[in-house]
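Numbering (the working numbering), first residue to last: 43 to 231.
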Amino acid sequence: MTTSKTAAAALCAALVCLACAGCASVSGTFFNPRVDYGDIPQEELASVAGAIEAGVRAGDRELTVENTSGIVVDAPEVVQAIHTRAARAELVDKLLSSGHACEQRNGVITLLRTRDYKKSTTSQDRDRNALVVMSENANRWTIYEGIQKASNLKAKSLGAIQDSFYQARVALLTPGQKYEGPNGEMLTK
């Protein structure tokens with residue numbers, strides 16, 4: 043292989059690695075779901091989301107939420123994800139209260155990797171925080187997709203489910219905690 047081909051291959055490999063690594067830090071603003079409440083009982087979904095988020099926030103590890111006529115939440119994977127989130131609630135609240143994390147409109151939490159965050163935390167703290175965020179987001183997705191599947195809702199309803207849970211969480215944020223506004227701007231409760 044010639045030097046130019048080797049250099050081109052190395053450059054391509056570096057760009058692929060950069061693109062893959064960059065995906066983890068790209069803001070959720072680019073990936074916000076389209077919210078379509080068309081075939082979803084919106085009030086029931088808001089009620090279920092509010093009950094789940096209030097129980098999770100309270101750390102209720104035995105939380106049971108009743109199914110409604112249009113929203114099914116008793117699927118085993120959904121129940122397990124709710125209980126796991128409740129066990130982790132104190133860590134998530136501490137992270138949000140630190141100002142180094144934010145609730146995003148797409149239904150997940152993200153770390154704000156600022157200069158202040160890097161100065162005020164150790165490498166071990168940042169690793170632990172990243173694990174908390176990844177685990178929390180994985181459980182949130184399990185809940186969203188589990189409700190959508192168990193309730194026999196169309197795939198396009200996933201955005202509405204995410205939005206309902208986001209709205210329920212924003213209502214429960216304490217003063218000083220950050221969340222993403224309707225235009226992608228960072229707001230503080």
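The beta-carbon is built from N, C-alpha and C at its ideal position, and this holds for glycine as well.
Quick one: is residue i buried, meaning 16 or more other Cβ sit within 10 Å of its Cβ, or exposed?
i, result
"Arg127", "buried"
"Gly223", "exposed"
"Gly218", "exposed"
"Gly226", "exposed"
"Thr156", "exposed"
"Ala88", "buried"
Please report the Cβ distance between residue i and residue j, rounded to the nearest whole angstrom; I am assuming they are in contact, meaning their Cβ atoms lie under 8 Å.
i, j, result
"Leu137", "Ala129", "Actually they do not touch by this definition, with Cβ atoms about 15 Å apart."
"Asn179", "Ala123", "With 8 Å as the limit, Asn179 and Ala123 do not qualify as a contact, their Cβ atoms being about 11 Å apart."
"Ile189", "Val120", "6 Å"
"Ala192", "Val114", "4 Å"
When you compare only the Cα positions, how much space is there between residue i and residue j?
i, j, result
"Leu133", "Thr110", "30 Å"
"Ala213", "Trp183", "20 Å"
"Gly92", "Glu86", "10 Å"
"Ser165", "Arg211", "29 Å"
"Ala100", "His125", "11 Å"
"Ser199", "Gly80", "8 Å"
"Ile94", "Asn171", "23 Å"
"Thr230", "Thr106", "31 Å"
"Ser140", "Leu215", "13 Å"
"Leu154", "Ala131", "19 Å"
"Ala96", "Glu145", "15 Å"
"Gly201", "Gly149", "9 Å"
"Glu187", "Leu173", "21 Å"
"Tyr221", "Asp205", "13 Å"
"Asp169", "Asp135", "17 Å"
"Leu112", "Gln84", "Contrary to the premise, residue 112 reads as Gly rather than Leu in this sequence. So the two alpha carbons sit approximately 9 Å from each other."
"Lys161", "Arg147", "27 Å"
"Tyr159", "Val98", "26 Å"
"Pro118", "Val175", "22 Å"
"Ile151", "Val77", "18 Å"
"Met228", "Asp167", "23 Å"
Span of the alpha helix (DSSP H) holding residue i?
i, result
"Leu214", "Leu200 to Leu214"
"Thr184", "Ser165 to Ala192"
"Ile94", "Gln84 to Ala100"
"Arg157", "Arg157 to Ser162"
Considering residue i, what are the terminal residues of the beta strand (DSSP E) in which it resides?
i, result
"Lys222", "Strictly speaking, residue 222 in this sequence is Glu, with Lys absent from that position. Its beta strand (DSSP E) spans residues Lys220 to Glu222."
"Thr110", "Segment: none, Thr110 is in no beta strand (DSSP E) and carries neither H nor E."
"Leu153", "Ile151 to Leu153"
"Leu229", "Met228 to Thr230"
Inside the stretch 112-147 only - alpha helix (DSSP H) runs reaching at least 4 residues: Entirely contained in the stretch 112-147, the alpha helix (DSSP H) runs reaching 4 residues are, in chain order, 118-139.
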